[in-house]
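Residue 102 in the numbering used here sits at position 100 of the sequence shown, and the numbers go up by one each step.
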Amino acid sequence: MLIQDLEKIHKDSKSYQERNRCQCILLSNQGYQVQKLASIFQVSQLSIYKWFDRFEKTGVVGLKNQKGKGRKPILTTSNATHVEVVENSIEKEKQQLKLAKREIEAKLGTAMSEMTLKRFLKKLTTDGNVSVNG
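Set out below in structure tokens:
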């Protein structure tokens with residue numbers, strides 16, 4: 003049953019990490035050594051061992067991405083302070099994104115790229131939260 007579960011996740015998962023982990027376990031089952039698996043998946047041997055441990059402890063669930071992992075976003079639309087500071091700064095510096103970005107960084111105490119700010123502005127407008135232009 004576990005092999006079928008691994009094959010299903012490997013085939014259907016939207017997450018390439020989950021697909022890779024499942025494929026790794028399947029290849030290990032076929033006799034591939036850890037050193038070869040690390041080379042195939044371009045990760046350390048320690049990562050392969052961690053995948054094995056997680057699989058042994060919790061089955062295929064252990065190969066899925068865990069909530070709360072990864073880098074946290076610099077700006078979030080759910081944070082009212084972020085939204086307010088960005089809206090006010092953009093309103094003040096409508097034609098100069100670089101100046102608005104500097105002001106936002108100073109007020110929030112965090113550095114960001116222009117691309118981060120652009121993505122946040124796009125998310126604000128697509129979420130319907132923006133009041134700068136309306």
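Every residue gets a Cβ at the ideal spot worked out from N, C-alpha and C, and that includes glycine. As the structure is a computational prediction, the values presented were derived from the model and not from experiment.
Cβ pair Arg-21, Ile-5 closer than 9 Å: no
9 Å Cβ cutoff met for Leu-126 and Val-85: yes
8 Å Cβ shell around Ile-106 - same chain, five flanking residues per side excluded: Val-87, Val-88, Ser-91, Met-114 and Leu-119
Cα-Cα separation between Leu-8 and Lys-59, rounded to whole angstroms: 15 Å
Same chain, Cβ closer than 7 Å to Asp-129, neighbours up to 5 away in sequence not counted: Thr-79
Boundaries (first-last residue) of the alpha helix (DSSP H) holding Glu-89: Where Glu-89 is concerned, the enclosing alpha helix (DSSP H) stretches over 82-94.
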